[in-house]
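Notes to accompany the following structure.
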Ligand code: ATR
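Written out as structure tokens, the structure reads:
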């Protein structure tokens with residue numbers, strides 16, 4: 002069978018091997034996918050060794066997405082823009098190719114699975130770190146009316162917005178300066194991990210606002226609880242994004258796109 006792996010540090014928590022096993026079963030592909038703990042100073046060597054020993058493809062998770070970007074010889078346009086990659090493979094010339102599938106995973110989940118269009122909508126993104134940078138171009142490609150990036154550190158949001166202005170209508174600000182109502186709010190801060198809520202005013206949401214958290218867990222995140230308390234009924238966590246980015250990687254490697262919904266359901270049941 003063809004060998005794949007996910008590299009990270011830590012890595013024990015990664016669900017990618019389970020997801021790709023389900024994809025392989027579903028599509029009848031002969032795939033062996035393992036998780037690999039990589040030493041913090043050993044990333045480049047581990048990648049070289051993996052492909053030298055007939056490895057076919059890698060997913061890259063924290064903290065190596067920037068190093069993977071730097072190592073790649075060929076980048077897709079969206080990987081180039083994101084400045085970080087999560088998918089590696091070799092082309093027919095043996096050159097290391099890289100993509101970032103996080104944004105497509107997110108947009109696919111929001112637009113297709115949840116059925117919340119982004120076109121002509123006012124979209125608020127919370128956070129200005131790697132997670133948000135990685136998804137901005139695919140979001141702007143949906144032709145939203147406006148994207149506002151809000152962050153605890155306002156300067157990071159304005160700088161990020163400026164670097165994506167060529168792709169569509171986008172501005173940045175601090176949490177306190179967000180105003181107007183939004184159709185879609187996406188939480189891309191790591192605040193949920195600490196059980197924190199990004200301090201945004203409740204005036205930005207109304208009952209039809211769709212609220213999405215890139216994080217997920219057995220219980221609704223604090224952000225989704227906050228949205229629900231404020232009357233929102235369109236709520237989703239990041240499990241669909243996780244499976245969506247994996248499906249896009251699988252499709253790059255194997256040329257066949259697995260069905261996302263069934264796999265999300267299996268993972269959801271395992272979380273409970
Ligand atoms: P990631 O790869 O998850 O995006 P990151 O690049 O370290 O990680 O970015 C973390 C993001 O979460 C940042 O936008 C950060 O805000 P700052 O830029 O002001 O640091 C945000 N964040 C982290 N903890 C937060 C908290 N408790 N409240 C609000 N925002 C938080």
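In the UniProt record's numbering, the protein residues as written are 2 to 273. Heads up, the beta-carbon is just placed ideally off N, CA and C, and yes, glycines get one too.
Check, Outcome
"Cβ pair count under 8 Å reaching 3, the stretch 132-140 against the stretch 104-111", "yes"
"Start-end ranges of the beta strand (DSSP E) lying completely within the stretch 23-92, minimum 3 residues", "32-38, 56-61 and 88-91"
"Top-ranked residue by Cα proximity to residue 196, from 44, 222, 82 and 115", "222"
"Secondary structure of residue 175, DSSP reduced to three states", "strand"
"Beta-carbon gap between residue 114 and residue 241 smaller than 8 Å", "yes"
"Beta strand (DSSP E) segment containing residue 4, residue limits", "3-9"
"For residue 149, the nearest candidate out of 176, 18 and 167 (CA to CA)", "176"
"Neighbour-count burial assignment, residue 146, 16 or more Cβ in a 10 Å radius", "exposed"
"Touching by the beta-carbon criterion (3+ pairs, under 8 Å), the stretch 90-97 and the stretch 118-131", "no"
"Bridge-paired residues (DSSP) for residue 213", "187 and 237"
"Residue 21 vs residue 219 beta-carbon contact at 8 Å", "no"
"Contact shell at 7 Å, judged by CB to any heavy atom of ligand 1, ordered along the chain", "63, 128, 129, 130, 131, 132, 133, 152, 153, 154, 157, 189, 190, 191, 192, 195, 197 and 199"
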